[in-house]
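Enquirer:
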Amino acid sequence: KLWEVLDFEFYLPPLALVSYSPYTRPITEAVQKNKKYLVLLVDRERGRLFTVHLGKIEDEKQIFDGQVPQRVKAKTINLGRTDKIMRHIDDHLHNHLKIITKEAKDFAADKDISFILVGGHKEVFHKLKKVLPYPLNKMVIGEFITDVNLPASDILVKSKSVVSALG
4 KLWEVLDFEF YLPPLALVSY SPYTRPITEA VQKNKKYLVL LVDRERGRLF
54 TVHLGKIEDE KQIFDGQVPQ RVKAKTINLG RTDKIMRHID DHLHNHLKII
104 TKEAKDFAAD KDISFILVGG HKEVFHKLKK VLPYPLNKMV IGEFITDVNL
154 PASDILVKSK SVVSALG
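First residue of the sequence shown: 4, per our numbering; consecutive thereafter.
#1: Pop quiz: Ala126 and Leu52 are said to be a contact at Cβ under 8 Å. What is the actual Cβ separation, rounded to whole angstroms?
#2: What would DSSP say about Tyr40, mapped onto helix, strand or coil?
#3: Helix, strand or coil: which one does DSSP assign to Asp62?
#4: Give me whichever residues DSSP pairs with Arg51 in a beta bridge.
#5: Would you kindly check if the distance between the Cβ of Val143 and the Cβ of Lys132 is under 8 Å?
#6: Please state if the CB of Leu57 and the CB of Glu12 are separated by a distance shorter than 8 Å.
#7: Please classify Phe147 as buried or exposed, where buried requires at least 16 neighbouring CB atoms within 10 angstroms.
#8: So Leu120 is in the beta strand (DSSP E); what residue range does that whole segment cover?
#9: Can you give me the C-alpha to C-alpha distance between Arg49 and Asn37, rounded to a whole angstrom?
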């Protein structure tokens with residue numbers, strides 16, 4: 004039990020040091036540099052939240068609302084009702100995003116995350132950022148387009164590429 008193998012996603016230069024105590028400084032500095040972050044995925048039906056730390060998904064939550072209609076059928080000839088229908092759909096979308104952001108705030112409360120990535124459909128990004136509560140809205144540093152229904156491993160790969168592109 005003299006050696007322990009630690010498996011990290013990031014590179015650590017090889018180092019040999021003879022001492023009475025373990026020299027963990029390069030490891031602790033690398034772990035501090037690779038911070039924990041939240042991935043927030045949203046579409047019109049559901050939301051997914053998960054935290055990523057050291058290249059692995061730590062915690063995950065799914066929110067299914069399904070209250071946002073895709074289309075609304077007009078009862079009569081469409082006499083200027085398109086604005087009213089679109090406002091109705093936008094109101095449902097706004098309420099859906101409020102539910103997801105409230106869940107995201109509760110989810111991230113005790114997780115000590117450093118930043119947030121937003122993913123999903125592009126038309127929802129701006130509305131989502133407007134609805135996010137204060138501590139979370141300042142933490143969004145990136146966004147990426149993806150299908151919310153993809154497996155978590157595929158979304159993890161996409162989020163890692165966004166983080167590495169951001170630096």
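By construction, the Cβ of each residue, glycine as well, lies at the ideal position given by its N, Cα and C atoms.
Expert: In short:
#1: Residue 126 is actually Glu in this sequence, not Ala. No, Glu126 and Leu52 are not in contact; Cβ-Cβ is about 20 Å, not under 8 Å.
#2: strand
#3: strand
#4: Arg51 is bridged by DSSP to Leu44 and Gln65.
#5: Yes.
#6: yes
#7: Around the beta-carbon of Phe147, 16 or more other beta-carbon atoms lie within 10 Å, marking it buried.
#8: Phe118 to Gly123
#9: Computed Cα separation, rounded: 29 Å.
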